[in-house]
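Engineer: Pasting a structure below so you can have a look.
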Amino acid sequence: MERNVIVMIVARNIEAAIGRLGTNPAEVARRAGINPTGVYDILKGKSNSPRLDTIHKIATKGLGLPMSALFEEPSDEELDRELTDTIARMAPDERRRFLNMAQAFLRTEGET
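Numbering (our numbering), first residue to last: 1367 to 1478.
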């Protein structure tokens, strides 16, 4: 698997765990004993190769997870739940725009 894909999976899993815990990146960094910039850079894709010890601290100390949990691709059920939760947090006009975009994406996919 390409390094960028792995970093994207790690970032997605950190973000999902932050959402499940109802916390924020700064708090995760504080718990992990690292600079908040490290967490933000991973989440924003600015860090192309975060150090394993940083990922370990974020996982174990910051999120209370085994490090391996950050490298796992989410199951279809987890993705469905995360998508549903995300849509539920959107304002009604944002949900309409999202639905229009998703429907346009499906139409484009059908053309290929």
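Every residue gets a Cβ at the ideal spot worked out from N, C-alpha and C, and that includes glycine.
#1: Which two residues bound the contiguous alpha helix (DSSP H) that contains residue 1374?
#2: For the alpha helix (DSSP H) that residue 1431 lies in, which residues bound it at each end?
#3: Since residue 1457 and residue 1424 are thought to touch, with beta carbons under 8 Å apart, how far apart are those beta carbons, to the nearest angstrom?
#4: Within 10 angstroms of the Cβ of residue 1404, are there 16 or more other Cβ atoms? Answer buried if so, exposed if not.
#5: Identify whether residue 1456 lies in helix, strand or coil by the three-state DSSP scheme.
Structural biologist: So, from the data block:
#1: Looking up residue 1374 in the sequence shown gives position 8. Element bounds for residue 1374: 1369 to 1387.
#2: On the sequence shown, residue 1431 is found 65 positions in, with the first residue counted as 1. Element bounds for residue 1431: n/a, residue is neither H nor E.
#3: To locate residue 1457, count along the sequence shown from 1; it is residue 91. To locate residue 1424, count along the sequence shown from 1; it is residue 58. About 31 Å; that fails the 8 Å criterion.
#4: Counted from its first residue, the sequence shown places residue 1404 at position 38. Buried.
#5: The residue labelled residue 1456 in the question sits at position 90 within the sequence shown. Note: residue 1456 maps to coil in three-state DSSP.
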